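Taking it in order: structure first as structure tokens, then the write-up.
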Amino acid sequence: MERLTDAAPATDPALLRRVLGTFASGITVVAALGDDGRPAGLACQSFASLSLDPPLVLLCVGKGSSSWPAVRAAGRFGVSILAEEQRAVCEALGRRGGDKFAGVAWEESAHGAVRVTGALATVDCALDTVHEAGDHYLVTARILELTAREGGSPLLYFRSDYATGAFG
1 MERLTDAAPA
11 TDPALLRRVL
21 GTFASGITVV
31 AALGDDGRPA
41 GLACQSFASL
51 SLDPPLVLLC
61 VGKGSSSWPA
71 VRAAGRFGVS
81 ILAEEQRAVC
91 EALGRRGGDK
101 FAGVAWEESA
111 HGAVRVTGAL
121 ATVDCALDTV
131 HEAGDHYLVT
141 ARILELTARE
151 GGSPLLYFRS
161 DYATGAFG
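Numbering (UniProt numbering), first residue to last: 1 to 168.
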């Protein structure tokens, strides 16, 4: 694989955020049951479908995440695609430390994954691979089960702020 990092000119981080922030992305919660039986999770906007055969998804997690080690250790986790009315859930799971799930309704799936109640859709996953990629981990996971509710619109992140899409 050819790497362009050595040839690329230095990029201003503020410009990078501004330009890449024009790409609207959905917001998810990635969560699992920790060793103590309590949910551990994080808000994640870098999530995508990767493969239909085999069914795989892709997510990117910051190396500084305090919740990722517990999710990774569990080996199975849920990805909850947040609905526009779930901004408070995103804020709770996006903060550092404390009980992120205090006040957040959730359920355990048959696969042992954590699903946020009221999400537009959920994807139960089994960890596949983890690669280091800059200041993030690039994670691939096998899809175990999918659910989706009828109606609703997604919570989006656009230009460093929340947005909603009237898709329902």
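Ideal Cβ placement from N, Cα and C applies to all residues, glycine included.
On a predicted model such as this, the values are computed, not experimentally measured, just so you know.
Close-in-space but distant-in-sequence residues of the same chain around residue i (CB under 7 Å, 5 per side omitted)
i	result
residue 128	56, 140, 141 and 142
residue 43	27, 29, 90, 93 and 94
residue 135	62 and 63
residue 110	none
residue 147	121 and 122
Classification of residue i by the beta-carbon crowding that lies within 10 angstroms, buried from 16 upward
i	result
residue 48	exposed
residue 122	buried
residue 161	exposed
residue 10	exposed
residue 69	exposed
residue 16	exposed
residue 51	exposed
residue 13	exposed
residue 176	This structure cannot speak to residue 176, because the chain is shown only from 1 to 168.
Segment limits, alpha helix (DSSP H) that includes residue i
i	result
residue 94	87-94
Cut-off 6 Å between Cβ atoms - residues of its own chain near residue i, not counting five sequence neighbours on either side
i	result
residue 104	89 and 92
residue 158	24
Run of the beta strand (DSSP E) containing residue i, from where it starts to where it stops
i	result
residue 138	136-148
residue 159	Per DSSP, residue 159 belongs to no beta strand (DSSP E) and is neither H nor E.
residue 115	114-116
residue 130	121-133
residue 55	55-62
residue 16	It is not in any beta strand (DSSP E) - residue 16 instead sits in the alpha helix (DSSP H) that spans 13-20.
Between the CA atoms of residue j and residue i - distance to the nearest angstrom
i	j	result
residue 102	residue 114	14 Å
residue 167	residue 21	Confidence at residue 167 is low in this model, with a pLDDT of 46, below 50, so its placement is unreliable and the value that follows should be read with caution. For residue 167 and residue 21, the distance between alpha carbons rounds to 21 Å.
Spatial neighbours of residue i in its chain, beta-carbon cut-off 8 Å, leaving aside the 5 residues before and after
i	result
residue 249	This structure cannot speak to residue 249, because the chain is shown only from 1 to 168.
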